[in-house]
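Reviewing the structure listed below.
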Amino acid sequence: MKLAGFGVHVLTGLGSACALMALDSLMKGATTGVFWWLGLAFVIDGIDGPIARAVRVKDSLPRFSGETIDLVIDYLTYVFIPAALLLYSGRLPEGFALGLTVLILLSSLFHFADSESKAGDLAFVGFPAIWNIVAFYVFALDLGPGVTALLVLVCVVATFVPMHWVHPVRVAPLRAVTLTATLIWALGAIATLLQGFPASPLLQAVLVAAAVYGLGVTVWLTLRQA
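Quick look at the structure:
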């Protein structure tokens with residue numbers, strides 16, 4: 027069982043390799059490559075937890091914390107690499123780009139360190155630092171620097187607003203609909219990467235519809251707790 031537990035930690039740790047390859051793509055100006063690697067890291071992040079619980083990693087290999095490994099890699103792939111991409115791609119206003127990027131990094135640290143970031147309904151409390159998704163929308167919708175800056179500021183502030191952001195799997199209410207919307211979004215995202223940025227009008231409509239659904243459920247979950 028120790029070998030299985032170590033294997034799960036290695037699987038989680040492969041996210042660091044994805045982060046490195048995403049950074050390599052960023053430095054080469056291959057934006058779609060950045061998101062392919064971030065997407066692979068996203069998949070690993072989604073499957074390592076269930077596998078870890080199945081093989082009882084905490085019991086078989088208690089010395090090493092999978093949660094700590096996961097947090098480090100999540101910060102790299104959900105926050106740092108996407109923030110660097112926004113900074114160096116010219117998608118943020120000149121003169122404000124560095125400051126906005128620092129706001130992304132700092133606000134995300136508070137989310138990662140928040141002991142109350144998960145609600146009783148298993149939703150995230152506050153914007154869940156999904157800057158990989160934000161950056162993807164910036165490129166897919168071909169947003170200008172001004173709109174991107176506004177989006178960044180809204181998300182930074184939302185980090186500290188106690189809204190209940192829907193988790194695509196864990197939140198029970200509307201789970202089937204949410205999973206369906208997530209699948210449609212994933213297919214739209216893959217199609218966008220295959221086609222290249224910006225997304226076609228049809229794919230943009232799909233991506234925006236998925237975002238509107240997610241935000242709508244988030245507002246609904248928040249109002250239920252009021």
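Its first residue numbered 27, the sequence shown is counted upward by one per residue in our numbering. Beta carbons: idealized from backbone N, C-alpha and C, even for Gly.
As the crow flies, the alpha-carbon of residue 84 is around 8 Å from that of residue 91.
In terms of CA proximity to residue 194, 156 leads the group 156, 103, 97, 56. Comparing alpha carbon positions, the residue from 168, 174, 186 closest to residue 134 is 186.
Counting of Cβ neighbours within 10 angstroms places residue 238 among the exposed residues, the total staying below 16. Going by beta carbons, residue 64 and residue 103 fall inside the 7 Å limit. Between residue 229 and residue 218, the C-beta spacing is below 7 Å. Taken in chain order, the unbroken stretches of alpha helix (DSSP H) that lie wholly in the region 84 to 155 and span 4 residues or more are 92 to 100, 107 to 114, 123 to 139. Residue 248 places its beta carbon less than 7 Å from that of residue 190. When DSSP reads this structure, residue 190 sits in a beta bridge with 151.
The continuous alpha helix (DSSP H) containing residue 218 extends over residues 201 to 221. Looking from the CA of residue 30, the closest CA among 78, 176, 68 belongs to 78.
Rounded to whole angstroms, the gap between the alpha carbons of residue 86 and residue 36 is 15 Å.
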